[in-house]
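Below: one structure, written as structure tokens.
Numbering (full-length UniProt numbering), first residue to last: 1 to 239.
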């Protein structure tokens, strides 16, 4: 069995989500051969050198799961794209490139965070290109911690304000972009998060049937996709 989750936005201010996640690690995840976390695991991440005691405790909880035999894969989201090797070493996790094609029981599956599919949000895509530029990443990682904290708060505040002002279709994936990316990677299944709109969508890629599975965010409930020999099942669970 394989489990996939995303968009937990872990932070000290949400102890209910933290508690639910720790229970998930100690329970259901122990039966999985692998756990994939597809971005926005943390609400914010200013760099591995700025890990708080809270973030360190989350890494240690992941390490306990890894030591029990479950492989852990972490993908960057738009909130935590500065997660690096130090955290992954602490957590016993492997950093997964976005996008990545993985093999699930003989089927090639495309995994993404999902923000790069929202091409109609031109302002966000422009900012994404700037922030993910290697030179920008280098500069960000070498800014003083206080400056990075201030910048992270500013970016989160602006993001919330802009999202509220944008039409729903702007902040969702671009319908034409999905089959294009799936055809490029030669897959019939795409799994992503980011949009906070959990669902399984049927579509066509070329002349072949395909599906796009959107993981849910953790807020009033948790979401996980279970993959096994019988197929894929997306379901919510209460905290």
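All C-beta atoms in this analysis are idealised placements derived from N, C-alpha and C, irrespective of residue type, glycine included.
Restricting attention to 11, 49 and 173, the CA atom closest to the CA of residue 121 is found in 173.
Taken through DSSP and simplified to helix, strand or coil, residue 143 comes out as coil. A direct Cα-to-Cα measurement between residue 106 and residue 203 gives close to 21 angstroms.
Sixteen is the threshold: since fewer than 16 other Cβ atoms of the shown chains lie within 10 Å of the Cβ of residue 101, the residue is exposed.
Taking 8 angstroms as the cut-off, the Cβ atoms of residue 187 and residue 109 count as close. Runs of the beta strand (DSSP E) spanning 3 or more residues and lying entirely within the region 93-133 occur at 93-96, 100-104 and 107-111, in chain order.
Put simply, the backbone Cα of residue 239 is about 6 angstroms away from that of residue 221. Within its own chain, the residues whose Cβ lies closer than 7 angstroms to the Cβ of residue 17, once the five positions on either side in sequence are excluded, are 8, 10 and 218, listed in chain order. Under the three-state reduction of DSSP output, residue 91 falls in the helix class.
Residue 14 has its alpha-carbon roughly 23 angstroms from the corresponding atom of residue 146. Secondary-structure assignment with DSSP links residue 36 through a beta bridge to 4 and 73. In this chain, the alpha helix (DSSP H) harbouring residue 67 covers 53-67. Under the 8 angstroms Cβ criterion, the region 47-59 counts as touching the region 135-145, having at least three qualifying pairs. Our two residues, residue 236 and residue 216, have alpha carbons roughly 8 angstroms apart in a direct line. Of the residues assessed, residue 54 falls on the exposed side of the cut-off, its CB having fewer than 16 other CB atoms within 10 angstroms. Residue 74 and residue 130 have their C-alpha atoms spaced approximately 22 angstroms apart. As computed with DSSP, residue 216 is found in no beta bridge at all. Looking only at 61, 42 and 87, the smallest Cα-Cα distance to residue 25 is reached by 61. Short of 7 angstroms from the beta carbon of residue 32, and not among the five residues preceding or following it, lie these beta carbons of its own chain, in chain order: 1, 2, 3 and 70. One alpha carbon belongs to residue 20, the other to residue 231, and they sit about 25 angstroms apart.
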